[in-house]
Amino acid sequence: MNGQKLYSCIVLSGGMSRRMGQDKGSMIIQDKPMILHILERLNYKINDATIVLNDTERIANYQS
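The sequence shown begins at 46 in my numbering and counts up one residue at a time.
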């Protein structure tokens, strides 16, 4: 592994969004879903990400 540290990440996206009124992770900000902004910022530091959701119907929103 060339001495490189590899990290995994868990992104918690299972809230009810009661105050926001919509799923924050799939909310579009600057033409991209918020969850994509988060994963792009972490990309150079992690090799694996797990997204925790509270509803199986939301899975399609997060699959690439």
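Glycine included, C-beta positions come from ideal geometry on N, C-alpha and C.
- Across the structure, Gly66 and Ile104 are spaced so that their CA atoms are roughly 18 Å apart.
- With a contact defined as Cβ atoms closer than 8 Å, Tyr52 and Lys77 miss out at about 23 Å.
- Here DSSP, grouped into helix, strand and coil, assigns Leu84 to helix.
- Taking a 10 Å sphere around the C-beta of Ile96, we find 16 or more other C-beta atoms and assign the residue as buried.
- Relative to the Cα of Glu102, the nearest Cα in the group Ser71, Arg86, Cys54, Leu81 belongs to Ser71.
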